[in-house]
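J.: Quick one: the structure is below, and I'll ask about it shortly.
Printed below as a string of structure tokens:
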């Protein structure tokens, strides 16, 4: 007889690592695909708000954030599937991840700060909700997702500033 926290009910560490890394890496690659060809000359020519970091900082920042997202997801995937709240937390996580990749297409590929705002605002709300849910299930997972919520809040400021300054 096994209870909901027994090891056999949990995803193996290797499978969980792959299941966490693959979608996060896919979102990162999609975002990079949409972003990189549109930095020069389009993004570089935009008027940007105060506090805009140099372009070189975005790559390392997002790399660290994606690694933290994958680790947070790994920790939640390792919980028993019957853990109350796990399914909702995963739904929120994958919703914000899809919006994360979509933002790069909206802002960079479409070259539309307005469309970027239309994506990043719900993304931030869903990301905060996912962070709260993750923390309720696993403190470390919640703390690992929190930096992304803070960065996306900052990115929202940047996106809004670019929209206002270039409209």
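Numbering (our numbering), first residue to last: 1 to 167. Beta carbons are placed, not taken as given, at the ideal position from N, Cα and C, and that holds for glycine.
Closest by CA to residue 33, which one among 83, 100, 84?
T.: Taking the first residue of the chain shown as 1, we reach residue 33 at position 33. The option with the nearest alpha carbon to residue 33 is 100.
J.: Tell me the residue span of the alpha helix (DSSP H) that contains residue 36.
T.: Within the chain shown, the letter at position 36 stands for residue 36. Here residue 36 belongs to no alpha helix (DSSP H), and DSSP marks it neither H nor E.
J.: Can the beta-carbon of residue 49 be found closer than 8 Å to that of residue 161?
T.: On the chain shown, position 49 is the one that residue 49 refers to. On the chain shown, position 161 is the one that residue 161 refers to. With contacts defined by Cβ atoms closer than 8 Å, residue 49 and residue 161 form a contacting pair.
J.: Let me know if residue 36 comes out buried or exposed under the rule of 16 or more other beta-carbons within 10 Å of its beta-carbon.
T.: Here residue 36 is taken as the residue at index 36 of the chain shown, counted from 1. By the neighbour-count rule (16 or more Cβ atoms within 10 Å), residue 36 is not buried but exposed.
J.: When you compare the region 116-130 with the region 151-160, are there three or more beta-carbon pairs, one atom per stretch, that lie closer than 8 Å?
T.: yes
J.: Using the rule of at least 16 other Cβ atoms within 10 Å of the residue's Cβ for burial, across every protein chain shown, is residue 104 buried or exposed?
T.: As a first step, residue 104 is located in the chain shown; it is residue number 104 there, counting from the start. Counting Cβ neighbours within 10 Å, residue 104 comes out buried, since at least 16 surround it.
J.: Anyone know if the C-beta pair for residue 75 and residue 140 falls short of 8 Å?
T.: The residue you call residue 75 lines up with position 75 of the chain shown. The residue you call residue 140 lines up with position 140 of the chain shown. In contact: residue 75 and residue 140 (Cβ atoms closer than 8 Å).
J.: Let's see if you can read the secondary structure: which residues bound the alpha helix (DSSP H) around residue 131?
T.: Position 131 of the chain shown, counted from the start, is the residue given in the question as residue 131. Here the alpha helix (DSSP H) through residue 131 covers 113-137.
J.: Going by C-alpha distance, which of 134, 58, 98 is nearest residue 122?
T.: To locate residue 122, count along the chain shown from 1; it is residue 122. Minimum Cα distance to residue 122 is reached at 98.
J.: Starting from residue 63 and walking both ways along the alpha helix (DSSP H), at which residues does that stretch end?
T.: Sequence index remark: in the chain shown, residue 63 carries index 63 (1-based). Note, residue 63: alpha helix (DSSP H), 55-77.
J.: Which first and last residues belong to the alpha helix (DSSP H) in which residue 46 is found?
T.: Taking the chain shown and counting its residues from 1, the one referred to as residue 46 is at position 46. Per DSSP, residue 46 lies in no alpha helix (DSSP H) segment and is marked neither H nor E.
J.: Would a C-beta distance cut-off of 8 Å place residue 16 and residue 78 closer than the cut-off?
T.: Position 16 of the chain shown, counted from the start, is the residue given in the question as residue 16. Position 78 of the chain shown, counted from the start, is the residue given in the question as residue 78. The answer is yes: Cβ separation under 8 Å.
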